[in-house]
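Trainee: Have a look at this one before I ask anything.
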Amino acid sequence: RKLQPARLRQAELELAAGLPLSATNTARLATEASPRDADAWLALGTALAAQRVKPVPGKPIPGIREVRAALLEALRLAPNHADATRELAMTYYRTTGTSRSREDAQAALRYFRHYLSVAPEAGAAEYVRGYIRELGGEAD
């Protein structure tokens, strides 16, 4: 049990070092060791998303559904987890092609608004308000 914070910190450091595959492996170990730990699921979702941004040569790119499933599990375990909410919103905000679908824009707005409801003064709140405005929603 005491290994969990160290494991999550290791995944965080691996991501910061540009090692998303290693971070994914570490985060998977964390979810296996503590399947009810929302932070472990957040770490897994974040690491999987990083692999989509910076693909590892010779390795399959994780599907967006896998990324979202990890983040949704974090939110199932901790419905007001601000970081998981923001990261999930970002999976809908980021475009995979030339444009964002209406459904994705609506989902992004929903999760961004939830983020602001649980963390209105967080460091990323101003960025999130900007994303909301860009998507055509009211920021406050």
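Under our numbering, the residues of the sequence shown are numbered 519 to 658, in order. Glycine included, each C-beta is placed from N, C-alpha and C at the ideal position. Since the model is a prediction, treat every value here as computed from it, not as a measurement.
Tell me whether P597 sits in a helix, a strand or coil according to DSSP, three-state version.
Mentor: coil
Trainee: Assess, as a yes-or-no matter, whether the segment 599-606 is touched by the segment 554-567 under the definition of 3 or more beta carbon pairs within less than 8 Å.
Mentor: Contact holds: three or more Cβ-Cβ distances are below 8 Å.
Trainee: Report the option in V585, A625, A643 and R647 whose CA atom is closest to the CA atom of R546.
Mentor: V585
Trainee: Only counting the same chain, and skipping five residues up and downstream in sequence, which positions put a Cβ closer than 6 Å to that of R527?
Mentor: none
Trainee: Quick one: which unbroken alpha helix (DSSP H) runs of 4-plus residues sit fully inside the segment 614-644? Chain order, please.
Mentor: 620-636
Trainee: Taking 8 Å as the threshold (C-beta atoms), are V574 and L539 in contact?
Mentor: yes
Trainee: In terms of alpha-carbon separation, which member of Q522, E652 and L562 lies closest to I582?
Mentor: L562
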